[in-house]
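Residue numbers (our numbering): 1124 to 1232.
C-beta: ideal position from N, C-alpha, C; glycine also.
Have a look at the structure below, then the notes.
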Amino acid sequence: MAKFEHVCYDDFDQLLETIEQGILGSSVSASLEDSSDFVSGNARCSVRVFERYSYLGSNRVSLSVTLFQSESGPVHICAITAGGSEAMFFKMNTYGEEAFLEKFIELLD
């Protein structure tokens, strides 16, 4: 598992669209597995779960992305990868997870 957290002042909707299009366009095997959006008062939260095939790890990896904003404050971003290990009892070969997260971080730059 690899994790990235970031806070920015970008437009929430534009940031979400950039992430969705960027991840889906980064790999022919990338897919949006599911999504959820919440609004409560002036707070909003969007969750996206992506998946793609990792050629390095010869397996599928997932990327869960959460965006949260309260009122007109900053957008809090959390991205967590999972599923890139081949071992049964401990983590081995997490290259796919790390590569997926690096692609995500590049989208934010």
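{"Asked": "CB contact flag (SER1185, PHE1173, <8 Å)", "Found": "yes"}
{"Asked": "Spatial distance of VAL1188 from CYS1168 (CA atoms)", "Found": "10 Å"}
{"Asked": "Test item: CB-CB of ALA1125 and LEU1190 under 8 Å", "Found": "no"}
{"Asked": "For LEU1186, the residue or residues it bridges with in DSSP", "Found": "PHE1173, THR1204"}
{"Asked": "Among LEU1155, VAL1151, PHE1127, GLU1229, nearest to SER1177 - alpha-carbon criterion", "Found": "VAL1151"}
{"Asked": "Per DSSP, the bridge partner or partners of ALA1125", "Found": "THR1204"}
{"Asked": "Length of the line joining the Cα atoms of SER1249 and GLY1164", "Found": "With the chain covering 1124 to 1232 only, the question about residue 1249 has no answer from this structure."}
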